[in-house]
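S.K.: The opening residue of the sequence shown carries number 1 in full-length UniProt numbering; numbering runs sequentially from there.
Using N, Cα and C, we set each Cβ at its ideal position, and we do this for glycine too.
To start, I am sharing the structure in question, which I have written as structure tokens.
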Amino acid sequence: MKVSDQGLAFLAAHEGYVSRGYLDPAGVVTIGYGFTMRSRIFAGWWRKRHGRGLAVGDRISRDQANKLLLTLLDEEYAPPVRQDLPGLPQTQFDACVSVVYNLGSRALSWRWAQQLKAGKVSEAARLLTQTGLTAGGQRLKGLVKRRTAEARLLEHGDYGLAAAAAPPAPGSDIMELQRSLKMLGFDPGPIDGFFGAQTKAAVKDFQKAYPPLAVDGIPGPATRSALERAIALRNGTGLVGILTLLTGSGLLLEDLSGALAALILTGVPSLSAILLWLWQRRGAIFLWLKENLSSF
Numbered sequence: 001m002k003v004s005d006q007g008l009a010f011l012a013a014h015e016g017y018v019s020r021g022y023l024d025p026a027g028v029v030t031i032g033y034g035f036t037m038r039s040r041i042f043a044g045w046w047r048k049r050h051g052r053g054l055a056v057g058d059r060i061s062r063d064q065a066n067k068l069l070l071t072l073l074d075e076e077y078a079p080p081v082r083q084d085l086p087g088l089p090q091t092q093f094d095a096c097v098s099v100v101y102n103l104g105s106r107a108l109s110w111r112w113a114q115q116l117k118a119g120k121v122s123e124a125a126r127l128l129t130q131t132g133l134t135a136g137g138q139r140l141k142g143l144v145k146r147r148t149a150e151a152r153l154l155e156h157g158d159y160g161l162a163a164a165a166a167p168p169a170p171g172s173d174i175m176e177l178q179r180s181l182k183m184l185g186f187d188p189g190p191i192d193g194f195f196g197a198q199t200k201a202a203v204k205d206f207q208k209a210y211p212p213l214a215v216d217g218i219p220g221p222a223t224r225s226a227l228e229r230a231i232a233l234r235n236g237t238g239l240v241g242i243l244t245l246l247t248g249s250g251l252l253l254e255d256l257s258g259a260l261a262a263l264i265l266t267g268v269p270s271l272s273a274i275l276l277w278l279w280q281r282r283g284a285i286f287l288w289l290k291e292n293l294s295s296f
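So, in structure tokens, the structure goes:
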């Protein structure tokens with residue numbers, strides 16, 4: 001069994017296509033449909049083409065991303081579902097592949113999957129809504145929404161594609177976006193939960209101020225992540241800037257601890273843990289500084 005066309009559209013809608021490399025909320029450089037160097041197939045493809053790891057600002061075309069997504073699903077993310085949960089109907093298979101794509105194959109050993117294997121679909125769906133809701137130690141609303149959608153697909157076969165294709169709907173998510181923009185000095189107009197012309201203009205202004213974001217007025221994954229990081233920088237410590245500099249340069253991308261990154265980004269780092277982390281990577285840091293700051 002392979003992921004259906006509807007399943008592909010479902011996953012792509014939740015991941016969102018981003019043409020340029022950006023830092024996700026956990027500090028991991030991401031591009032395309034959520035591609036990172038943690039994917040064996042993507043990492044091999046990227047290194048073969050570029051001879052190095054993925055860095056912020058790198059580009060990928062939509063055509064390349066579409067082809068890669070199909071390859072990743074067929075060769076890396078669907079096989080564990082076929083092996084661990086054989087005989088699933090198409091909608092449940094698609095839901096499980098989406099979970100594995102987002103959380104990794106280890107998620108198939110968790111309680112929700114055990115209940116699904118036992119034929120208890122409703123209980124599996126209920127547990128799934130409580131699973132994998134954090135990134136780098138932070139509970140993210142985007143993950144809560146995704147688990148809810150995956151659980152609905154798992155239990156009821158509802159892909160929810162009409163809602164996914166619609167423009168941003170009025171509500172608390174838009175109000176949160178507006179508050180974030182206002183906090184950073186970009187006027188979105190009234191904090192009313194409506195994605196109107198003034199809010200779109202504020203998003204564009206933010207994108208212009210934070211390259212390499214695409215200036216399209218769409219609050220997609222890269223823009224949302226940049227907003228979270230900008231607010232963390234505003235409220236955090238000077239160590240945030242160091243982390244952003246190092247990760248944004250393409251350095252330390254593959255072994256960066258998401259949990260540590262989250263601690264730094266939220267402004268409550270453990271100094272001893274940070275010092276240990278920096279000491280263990282002192283060689284790579286000094287090399288990067290020598291190569292990139294030699295002109296100053």
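Can you tell me which of the three DSSP states I191 falls into?
M.R.: Here residue 191 refers to the residue found at position 191 when the sequence shown is read from its first residue. DSSP places I191 in coil when its eight states are reduced to three.
S.K.: If you run the structure through DSSP and keep just helix, strand and coil, what is T247?
M.R.: Within the sequence shown, the letter at position 247 stands for residue 247. Low local confidence applies: a pLDDT of 45 at T247 is under 50, so the model's placement there is unreliable, and no value is given.
S.K.: If I'm right that D192 touches A202 with Cβ under 8 Å, what's the distance once you round it to whole angstroms?
M.R.: Position 192 of the sequence shown, counted from the first residue, corresponds to residue 192. Position 202 of the sequence shown, counted from the first residue, corresponds to residue 202. Rounded, the Cβ-Cβ distance is 13 Å, inconsistent with contact.
S.K.: Report, in whole angstroms, the separation of the C-beta atoms of D58 and I41, which I expect to be a contact under 8 Å.
M.R.: Along the sequence shown, read from residue 1 onward, the residue named residue 58 stands at position 58. Along the sequence shown, read from residue 1 onward, the residue named residue 41 stands at position 41. Going by Cβ atoms, the distance from D58 to I41 rounds to 17 Å, so no, they are not a contact pair.
S.K.: Given a threshold of 16 other Cβ atoms within 10 Å of its Cβ, counted over all protein chains shown, does Q83 qualify as buried or as exposed?
M.R.: Position 83 of the sequence shown holds residue 83. The residue is exposed, with fewer than 16 neighbouring Cβ atoms inside 10 Å.
S.K.: Do the CB positions of V3 and V81 come within less than 7 Å of each other?
M.R.: For the purposes of this step, residue 3 is taken as residue 3 along the sequence shown, with counting starting at 1. For the purposes of this step, residue 81 is taken as residue 81 along the sequence shown, with counting starting at 1. Cβ distance not < 7 Å, so V3 and V81 don't count as in contact.
S.K.: Along the chain, where does the beta strand (DSSP E) that runs through residue 300 open and close?
M.R.: Nothing can be reported for residue 300, as the shown portion of the chain is limited to 1 through 296.
S.K.: Taking only the alpha-carbon atoms, compute the straight-line gap between A226 and D158 and give it to the nearest angstrom.
M.R.: Translated into positions along the sequence shown, residue 226 becomes position 226. Translated into positions along the sequence shown, residue 158 becomes position 158. Their backbone Cα atoms lie some 31 Å apart in a straight line.
S.K.: Indicate the three-state DSSP secondary structure (helix, strand or coil) for A261 in the structure shown.
M.R.: Within the sequence shown, residue 261 is the residue found at index 261, counting from 1. For A261, the predicted model reports a pLDDT of 45, less than 50, meaning its position is unreliable and no value from the coordinates is stated.
S.K.: Is it right to say T71 is buried, meaning 16 or more other beta carbons lie within 10 angstroms of its own, or is it exposed?
M.R.: Start at 1 with the first residue of the sequence shown, and residue 71 comes out as number 71. The residue in question, T71, is exposed, as its Cβ has fewer than 16 Cβ neighbours within 10 Å.
S.K.: Work out the CA separation of Q198 and Q138 for me, nearest whole Å.
M.R.: As a first step, residue 138 must be located in the sequence shown, where it is residue number 138. As a first step, residue 198 must be located in the sequence shown, where it is residue number 198. Whole-angstrom Cα-Cα distance: 30 Å.
S.K.: In angstroms, rounded to a whole number, what distance separates the CA positions of T223 and G189?
M.R.: Walking along the sequence shown from the start, residue 223 turns up at place 223. Walking along the sequence shown from the start, residue 189 turns up at place 189. Between T223 and G189, the C-alpha separation is close to 19 Å.
S.K.: Would you tell me roughly how many angstroms separate the C-alpha atoms of L116 and E123, rounded to the nearest one?
M.R.: Stepping through the sequence shown from its first residue, residue 116 is reached at position 116. Stepping through the sequence shown from its first residue, residue 123 is reached at position 123. Going from the Cα of L116 to the Cα of E123 covers about 8 Å.
S.K.: Helix or strand or just coil, what does DSSP make of A218?
M.R.: For the purposes of this step, residue 218 is identified with residue 218 of the sequence shown, where counting begins at 1. Note that residue 218 corresponds to Ile in the displayed sequence, not to Ala. I218: coil per DSSP, three-state reduction.
S.K.: In the DSSP assignment, the beta strand (DSSP E) including G32 goes from what residue to what residue?
M.R.: Taking the first residue of the sequence shown as position 1, residue 32 is located at position 32. From DSSP, the beta strand (DSSP E) with G32 extends over V29 to G32.
S.K.: Would you mind sorting A232 into buried or exposed? The rule is 16 or more other CB atoms within 10 Å of its CB.
M.R.: For this step, residue 232 is matched to residue 232 along the sequence shown. Looking at its Cβ environment, which holds 16 or more other Cβ atoms inside 10 Å, A232 is buried.
S.K.: Looking only at its chain, what residues have a beta carbon closer than 7 Å to the beta carbon of S180, apart from the 5 residues adjacent to it on each side?
M.R.: As a first step, residue 180 is located in the sequence shown; it is residue number 180 there, counting from the start. Closer than 7 Å at the Cβ level, and outside the excluded window around S180, lie L227 and I231.
S.K.: Measuring straight from C-alpha to C-alpha, what distance separates H14 and R146?
M.R.: Here residue 14 corresponds to residue number 14 of the sequence shown, with the count starting at 1. Here residue 146 corresponds to residue number 146 of the sequence shown, with the count starting at 1. Between H14 and R146, the C-alpha separation is close to 7 Å.
S.K.: When DSSP labels each residue in this structure, what does G171 get in the three-state scheme?
M.R.: Indexing the sequence shown from 1 puts residue 171 at position 171. The answer is coil: DSSP assigns G171 none of H, G, I, E or B.
S.K.: Enumerated in chain order, which unbroken segments of the beta strand (DSSP E) with a length of 3 residues or greater are wholly contained in the region 33 to 95?
M.R.: Counting whole runs of 3 or more residues, the region 33 to 95 contains no beta strand (DSSP E) stretch at all.
S.K.: With H, G and I counted as helix, E and B as strand and the rest as coil, what does DSSP make of T134?
M.R.: Counting from one through the sequence shown, the residue named residue 134 turns up at place 134. In the structure shown, T134 sits in a strand (DSSP, three-state: E or B).
S.K.: L243 to Q207, Cα distance in whole Å?
M.R.: To locate residue 243, count along the sequence shown from 1; it is residue 243. To locate residue 207, count along the sequence shown from 1; it is residue 207. Low local confidence applies: a pLDDT of 48 at L243 is under 50, so the model's placement there is unreliable, with the coordinate-based value given in what follows. Rounded to the nearest angstrom, the two C-alpha atoms are 21 Å apart.
S.K.: Nearest to G7 by alpha carbon, out of E176, L69 and A135?
M.R.: Here residue 7 refers to the residue found at position 7 when the sequence shown is read from its first residue. The shortest C-alpha separation from G7 is found at L69.
S.K.: Report the rounded CA-to-CA distance for R152 versus R52, giving the unit in angstroms.
M.R.: Residue numbering aside, residue 152 sits at position 152 when the sequence shown is read from its first letter. Residue numbering aside, residue 52 sits at position 52 when the sequence shown is read from its first letter. When rounded, the distance between both Cα atoms is 40 Å.
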